[in-house]
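Student: One structure follows; several queries about it will come next.
Protein chains: 2
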Amino acid sequence: MSVSLHGPIGFSPLVQAVSWQDETIILLDQTALPKSEVYLHCHSTESLVTAIQNLVVRGAPAIGIAGAYGVVLATLEALKLSDEKARIALKFKLKTLEMARPTAVNLQWAVGRLKKIIEDWKQSLNLDLVKLLLAEAKQIHEQDIACNHLISKFGSELLKEGPVITICNTGDLATGGIGTAFGILVKGYQIKKTSHVYACETRPVLQGLRLTSWELHRHSIPFTVICDNMAAALMRKEKISAVITGADRIVANGDVANKIGTYALAVLAKAHSVPFYVAAPFSTFDFSLSSGESIPIEERSHDEVLSVLGDNHPEYAIPVWNPSFDVTPQSLISAIICDRGVINFPNQERIKASFSRNQP
Amino acid sequence: MSVSLHGPIGFSPLVQAVSWQDETIILLDQTALPKSEVYLHCHSTESLVTAIQNLVVRGAPAIGIAGAYGVVLATLEALKLSDEKARIALKFKLKTLEMARPTAVNLQWAVGRLKKIIEDWKQSLNLDLVKLLLAEAKQIHEQDIACNHLISKFGSELLKEGPVITICNTGDLATGGIGTAFGILVKGYQIKKTSHVYACETRPVLQGLRLTSWELHRHSIPFTVICDNMAAALMRKEKISAVITGADRIVANGDVANKIGTYALAVLAKAHSVPFYVAAPFSTFDFSLSSGESIPIEERSHDEVLSVLGDNHPEYAIPVWNPSFDVTPQSLISAIICDRGVINFPNQERIKASFSRNQP
Numbered sequence: 001m002s003v004s005l006h007g008p009i010g011f012s013p014l015v016q017a018v019s020w021q022d023e024t025i026i027l028l029d030q031t032a033l034p035k036s037e038v039y040l041h042c043h044s045t046e047s048l049v050t051a052i053q054n055l056v057v058r059g060a061p062a063i064g065i066a067g068a069y070g071v072v073l074a075t076l077e078a079l080k081l082s083d084e085k086a087r088i089a090l091k092f093k094l095k096t097l098e099m100a101r102p103t104a105v106n107l108q109w110a111v112g113r114l115k116k117i118i119e120d121w122k123q124s125l126n127l128d129l130v131k132l133l134l135a136e137a138k139q140i141h142e143q144d145i146a147c148n149h150l151i152s153k154f155g156s157e158l159l160k161e162g163p164v165i166t167i168c169n170t171g172d173l174a175t176g177g178i179g180t181a182f183g184i185l186v187k188g189y190q191i192k193k194t195s196h197v198y199a200c201e202t203r204p205v206l207q208g209l210r211l212t213s214w215e216l217h218r219h220s221i222p223f224t225v226i227c228d229n230m231a232a233a234l235m236r237k238e239k240i241s242a243v244i245t246g247a248d249r250i251v252a253n254g255d256v257a258n259k260i261g262t263y264a265l266a267v268l269a270k271a272h273s274v275p276f277y278v279a280a281p282f283s284t285f286d287f288s289l290s291s292g293e294s295i296p297i298e299e300r301s302h303d304e305v306l307s308v309l310g311d312n313h314p315e316y317a318i319p320v321w322n323p324s325f326d327v328t329p330q331s332l333i334s335a336i337i338c339d340r341g342v343i344n345f346p347n348q349e350r351i352k353a354s355f356s357r358n359q360p
Numbered sequence: 001m002s003v004s005l006h007g008p009i010g011f012s013p014l015v016q017a018v019s020w021q022d023e024t025i026i027l028l029d030q031t032a033l034p035k036s037e038v039y040l041h042c043h044s045t046e047s048l049v050t051a052i053q054n055l056v057v058r059g060a061p062a063i064g065i066a067g068a069y070g071v072v073l074a075t076l077e078a079l080k081l082s083d084e085k086a087r088i089a090l091k092f093k094l095k096t097l098e099m100a101r102p103t104a105v106n107l108q109w110a111v112g113r114l115k116k117i118i119e120d121w122k123q124s125l126n127l128d129l130v131k132l133l134l135a136e137a138k139q140i141h142e143q144d145i146a147c148n149h150l151i152s153k154f155g156s157e158l159l160k161e162g163p164v165i166t167i168c169n170t171g172d173l174a175t176g177g178i179g180t181a182f183g184i185l186v187k188g189y190q191i192k193k194t195s196h197v198y199a200c201e202t203r204p205v206l207q208g209l210r211l212t213s214w215e216l217h218r219h220s221i222p223f224t225v226i227c228d229n230m231a232a233a234l235m236r237k238e239k240i241s242a243v244i245t246g247a248d249r250i251v252a253n254g255d256v257a258n259k260i261g262t263y264a265l266a267v268l269a270k271a272h273s274v275p276f277y278v279a280a281p282f283s284t285f286d287f288s289l290s291s292g293e294s295i296p297i298e299e300r301s302h303d304e305v306l307s308v309l310g311d312n313h314p315e316y317a318i319p320v321w322n323p324s325f326d327v328t329p330q331s332l333i334s335a336i337i338c339d340r341g342v343i344n345f346p347n348q349e350r351i352k353a354s355f356s357r358n359q360p
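Respectively, the protein sequence lines represent chains A and B.
If you count the first sequence from 1, position 83 lands on 83 in my numbering, and the numbers rise without skipping.
If you count the second sequence from 1, position 300 lands on 300 in my numbering, and the numbers rise without skipping.
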């Protein structure tokens with residue numbers, strides 16, 4: 001599978017969240033959006049890890065792509081050492097990189113793909129290896145763009161006419177291409193199925209308010225931002241055609257880890273007879289886990305929640321729980337939309353059957 | 001019914017959200033919490049209306065009390081005019097006052113109680129009328145304190161041991177006394193039933209994060225603040241003994257208008273087999289409406305949602321939907337806890353039967 005980094009004509013991403021240029025990873029700094037479009041240049045694995053942890057780049061597929069380029073960077077850094085030291089240093093760097101964030105499996109998956117090449121490389125680390133790794137990283141990047149295209153195609157076929165609710169950000173900023181759930185919305189709008197997008201603001205980091213609204217604005221798709229706690233009232237007030245979300249990890253039985261708030265939307269969708277769709281590339285599947293209970297859920301700093309107080313902080317500490325993700329059980333999912341096809345009412349058997357039919 | 005403004009011994013509110021002193025309404029400025037305890041002195045009806053609209057004072061029962069004192073203030077202002085002009089001016093002032101916020105019925109209810117006295121007053125407006133009105137306003141205030149006590153008693157009897165989830169603020173700041181839902185939590189903690197309180201931050205105005213956490217801290221009750229979209233994940237992770245909320249209006253069939261996000265919590269509670277309780281004084285009932293669909297839902301400024309962007313606003317306008325309240329259908333409510341008793345699985349018949357048994 002090889003496609004241009006710009007994807008199919010007329011269906012290009014508007015920005016590149018991650019790119020590689022002159023031994024540098026260039027990241028669109030998502031913490032500065034929606035006000036400013038600023039790019040951060042990562043010249044070291046360490047700075048990339050920090051950028052991933054600080055959410056300069058986020059979104060499971062985009063983190064995967066950044067991680068792949070990160071392996072190239074780490075190898076270039078290791079080349080400066082003697083071969084024995086280089087292998088040890090590289091191993092340590094890659095461990096740090098793949099552990100930068102724990103929940104989205106795409107990071108481990110992408111780093112893993114390049115690690116395999118390094119493990120199979122029997123010579124000293126050298127520039128030929130770097131070339132090989134860069135080719136693999138670019139292939140991961142290109143494959144993600146192609147996956148986005150297929151997901152948007154399959155997903156938009158599934159859509160009914162009407163407004164859609166989404167959460168977090170799953171567009172250009174979260175992937176290599178046009179996005180997962182977001183790509184479906186874009187395609188759905190082009191074919192006059194998606195009439196309006198309701199973007200949940202997505203507390204605490206506000207990916208919906210800051211990032212999805214920015215993308216919707218740039219695509220000229222009619223939209224409204226709501227606080228996360230308004231989705232239920234909206235479903236009661238208006239006939240919503242679907243809730244569509246991305247995924248950070250999908251395990252063997254079809255349980256899905258995604259941005260905190262996704263599980264609530266799934267329960268609410270079921271209660272209002274609204275289809276609940278999850279869109280993700282095949283790289284988001286983790287068949288090593290049998291159910292969602294085993295997915296490691298990242299808990300992040302209290303400051304993410306409390307910064308909303310601005311200069312209105314009390315003198316005492318406010319206790320906070322801040323899980324970044326939750327798990328939606330497969331029983332609440334109407335379909336998983338993947339680049340390899342649509343899996344209706346996903347469970348272990350149907351996922352297995354679907355992928356054995358649709359080999360890449 | 002006459003109780004001290006400090007309520008039963010050992011069970012006093014920690015602050016007074018609203019008080020009357022020397023022809024002035026004193027409001028604890030809730031917009032400055034949790035950082036600062038600042039009091040605003042309202043010398044005119046106009047400044048009170050602005051304070052109510054700007055959420056300096058909020059919470060259905062507290063707005064009712066403020067509204068009652070507001071009628072006294074309006075009458076004092078009217079006295080400065082000739083009698084004919086005074087009646088017209090007063091009528092206009094009271095209309096503005098009772099329409100300051102549309103959803104909580106307590107404001108209209110309290111203003112209505114004092115309006116009745118004015119309508120029945122056949123002499124010229126004078127200081128004797130003001131005295132009568134002030135006595136009525138103080139009675140409304142005292143009754144609310146007594147109601148809070150009864151609600152906390154009935155509610156805490158109903159509670160099972162374990163952690164509780166609540167939304168918005170229903171304590172000292174929202175009422176005359178110890179609070180509605182919050183009073184139950186305080187009492188529940190005293191009798192070792194409530195082990196922990198999870199306070200939903202309550203976007204967009206953050207009454208949970210700013211006000212309920214401030215009250216919980218002052219009462220030394222163990223608590224954690226969560227973003228509203230985390231309640232579902234919490235219910236899945238931990239055995240929650242109850243969700244308890246206040247109410248802004250309860251209509252004849254038992255449907256409840258309350259802070260936006262309440263309806264979502266009710267759906268989630270049902271899906272997780274968690275009892276869902278609504279606590280409110282009798283003054284929150286509006287028997288003139290047969291179902292929740294007729295309750296006017298206040299929509300507030302987009303800025304309330306967007307201010308969270310701080311200095312990260314884009315150049316374009318972000319479309320927002322900002323309803324302040326939602327309606328929870330009676331079918332999702334395990335019990336309404338009122339000062340006149342507990343109504344299990346509320347519907348029109350059970351509410352009617354309960355109140356005909358429990359006349360004040």
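Ideal placement from N, C-alpha and C gives every residue a C-beta, glycine not left out.
In this structure, what does DSSP give as the bridge partners for D326(A)?
Tutor: Note: D326(A) sits in a beta bridge opposite N258(A).
Student: Which chain B residues sit within Cβ distance under 8 Å of D326(A)?
Tutor: Ordered by position in chain B, the residues that pass the 8 Å Cβ test against D326(A) are M230, A232, A233 and R236.
Student: Quick check on this structure: which residue in W214(B), T170(B) and F223(B) has the alpha carbon closest to the alpha carbon of Y189(B)?
Tutor: It is F223(B) whose Cα lies nearest to the Cα of Y189(B).
Student: Which word fits V38(A), buried or exposed, when buried means at least 16 other C-beta atoms lie within 10 angstroms of its C-beta?
Tutor: Exposed, since its Cβ has fewer than 16 Cβ neighbours within 10 Å.
Student: When the cut-off is 8 Å and only beta carbons count, does V56(B) lie next to chain A?
Tutor: Not closer than 8 Å to any Cβ of chain A, the Cβ of V56(B) fails to qualify, so no.
Student: Kindly indicate which three-state DSSP category P61(A) falls into: helix, strand or coil?
Tutor: The answer is helix: DSSP assigns P61(A) an H, G or I state.
Student: For R58(B), which of R210(B), Y316(B), I88(B) and G292(B) has the nearest alpha-carbon?
Tutor: Closest by alpha carbon: R210(B).
Student: According to a CB-to-CB cut-off of less than 9 Å, which residues of the region 191 to 219 of chain B neighbour chain A?
Tutor: From the region 191 to 219 of chain B, only Y198, C200, E201, T202, R203, P204, L206, L209, R210, S213, W214 and H217 have a Cβ closer than 9 Å to chain A.
Student: Between the alpha carbons of A335(A) and S291(A), how many angstroms are there, rounded?
Tutor: Roughly 17 Å separates the two Cα atoms.
Student: Return the bridge partner residues of A181(A) from the DSSP annotation.
Tutor: In DSSP, A181(A) forms no bridge with anything.
Student: Output the boundary residues of the alpha helix (DSSP H) element that contains W109(A).
Tutor: From DSSP, the alpha helix (DSSP H) with W109(A) extends over V105 to D120.
Student: Closest by CA to L94(A), which one among L81(A), A104(A), Q108(A) and T103(A)?
Tutor: The candidate whose alpha carbon is nearest that of L94(A) is Q108(A).
Student: Is it buried or exposed for V3(B), if we count other Cβ within 10 angstroms and need 16 for buried?
Tutor: Because the pLDDT of V3(B) is 33, which lies under 50, any placement of that residue in the model is unreliable, and the number read from its coordinates should be weighed accordingly. Exposed is the call here.
Student: Just checking my contact of L173(A) with V15(A) at CB under 8 Å: how many whole Å lie between their CB atoms?
Tutor: Rounded, the Cβ-Cβ distance is 7 Å, consistent with contact.
Student: When you compare each of K35(B), E238(B) and T328(B) to E293(B) by their alpha carbons, which one comes out closest?
Tutor: When each option's Cα is compared against that of E293(B), the closest is T328(B).
Student: Go ahead and pull the three-state DSSP assignment for Y316(A).
Tutor: If DSSP states are grouped into helix, strand and coil, Y316(A) belongs with coil.
Student: Taking 8 Å as the CB-CB limit, is N169(A) close to chain B?
Tutor: Closer than 8 Å: no.
Student: Counting only the same chain and skipping the five closest in sequence on each side, list residues whose C-beta sits under 6 Å from that of A269(A).
Tutor: Cβ neighbours of A269(A) beyond the five flanking positions: V243 and F276.
Student: Tell me, please, whether the CB atom of F182(B) is closer than 8 Å to any CB atom in chain A?
Tutor: False, the Cβ-Cβ gap to chain A never drops below 8 Å.
Student: State yes or no: is the C-beta of N229(A) within less than 8 Å of the C-beta of G261(B)?
Tutor: A contact, by the Cβ cut-off of 8 Å.
Student: Under DSSP, the alpha helix (DSSP H) around T45(A) begins and ends at which residues?
Tutor: Counting along the chain, the alpha helix (DSSP H) containing T45(A) begins and ends at T45 to Q53.
Student: If you follow the alpha helix (DSSP H) that S19(A) is part of, which residue opens it and which one closes it?
Tutor: Counting along the chain, S19(A) falls outside any alpha helix (DSSP H), though it belongs to the beta strand (DSSP E) covering V18 to Q21.
Student: Could you have a look at N344(A) and say whether DSSP puts it in helix, strand or coil?
Tutor: Correct three-state label for N344(A): strand.
Student: Nearest-angstrom Cα distance between I178(A) and P61(A)?
Tutor: Cα to Cα, I178(A) sits roughly 11 Å from P61(A).
Student: Step through the CB atoms of chain B and report whether any lies within less than 8 Å of the CB of F11(A).
Tutor: Its pLDDT being 48, under 50, F11(A) is placed unreliably by the model, and nothing is read from it.
Student: Mind checking if F223(B) is an interface residue toward chain A, Cβ cutoff 8 Å exclusive?
Tutor: It does; some Cβ of chain A falls within 8 Å.
Student: How would you list, in chain order, the residues of chain B whose beta-carbon sits under 9 Å from the beta-carbon of H313(A)?
Tutor: The contacting residues are P34 and K35.
Student: Using a cut-off of 8 Å between C-beta atoms, extract the partners of Y316(B) located in chain A.
Tutor: H217, listed in chain order.
Student: By a C-beta neighbour count over all protein chains shown, 10 Å radius and 16 as the cutoff for buried, is R128(A) buried or exposed?
Tutor: The amino acid occupying residue 128(A) in the given sequence is Asp; Arg does not appear at that position. With fewer than 16 Cβ atoms within 10 Å of its Cβ, D128(A) is classed as exposed.
Student: Could you please tell me which residues of the region 249 to 281 of chain A, in chain order, have their CB closer than 7 Å to any CB of chain B?
Tutor: From the region 249 to 281 of chain A, only I260, G261, Y263, A264, V267, L268 and A271 have a Cβ closer than 7 Å to chain B.
Student: Would you please state the rounded distance, in angstroms, between the beta carbons of L73(B) and I118(B)? I believe it to be under 8 Å.
Tutor: That belief does not hold up - the Cβ atoms of L73(B) and I118(B) are roughly 13 Å apart, past 8 Å.
Student: Should the region 74 to 82 of chain B be called in touch with the region 25 to 37 of chain B, which here means at least 3 C-beta pairs below 8 Å?
Tutor: No, they do not touch.
Student: Residue range of the alpha helix (DSSP H) that T96(B) falls in?
Tutor: Where T96(B) is concerned, the enclosing alpha helix (DSSP H) stretches over D83 to E98.
Student: With a CB to CB cut of under 7 Å and the five nearest residues on each side skipped, what residues in its chain are close to I26(A)?
Tutor: The residues are S19, Y39 and H41.
Student: When DSSP builds the beta bridges, which residues end up paired with D286(A)?
Tutor: DSSP output for D286(A) lists V251(A) as bridge partner(s).
Student: Looking at the C-beta of C42(B), does it have a partner C-beta in chain A at a distance below 8 Å?
Tutor: With 8 Å as the cut-off, C42(B) does not count as an interface residue toward chain A.
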